[in-house]
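One structure is given below, encoded as structure tokens.
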């Protein structure tokens, strides 16, 4: 599992930006948060239409602080915005088939991650990610 960026916040939750390899040649990028215990059940946090913004990362951190190994996949390939018109454009141009592939890759990533202690993973989403 190649790490692109890694840092520790408050000495509790370990954070990483990870590449999630999977089907075909597609590679998804995600924000990984591991709980202070170093292991736990897996949870996926799906982004809002703003992109993989600090708020979504903080939600992943919250789940990790609660004991879950959490990944928030980047469905917009690094694009983020705070402008509603741009967010709508990003949402409307999202390739649903590619997003589904990234989600499946993220599920498989979590299920095989050494820190995940369960066979099943949970998924929570907000705004666009909740649909």
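In the working numbering, the protein residues as written are 4 to 134.
Note that the Cβ used here is the ideal one computed from N, Cα and C, for glycine as well.
Quick caveat: nothing in here was measured; it's all calculated off a predicted structure.
Pop quiz: residue 49 and residue 126 are said to be a contact at Cβ under 8 Å. What is the actual Cβ separation, rounded to whole angstroms? Indeed they touch by this definition, with Cβ atoms about 7 Å apart.
Pick helix, strand or coil for residue 73, following the three-state DSSP scheme. strand
Check whether residue 71 and residue 43 have beta carbons under 9 Å apart: yes
Excluding the 5 residues preceding and the 5 following residue 60 in the sequence, name in chain order all residues of the same chain whose CB lies nearer than 7 Å to its CB. 34 and 75
Residues sharing a beta bridge with residue 106, DSSP: Answer is none; residue 106 lacks a bridge partner.
Could you tell me the boundaries of the alpha helix (DSSP H) in which residue 82 lies? Premise fails: residue 82 is in no alpha helix (DSSP H) and is neither H nor E.
What number of angstroms, rounded off, separates the C-alpha of residue 90 from the C-alpha of residue 84? 6 Å
Helix, strand or coil: how does DSSP classify residue 56 here? It is coil, neither helix nor strand.
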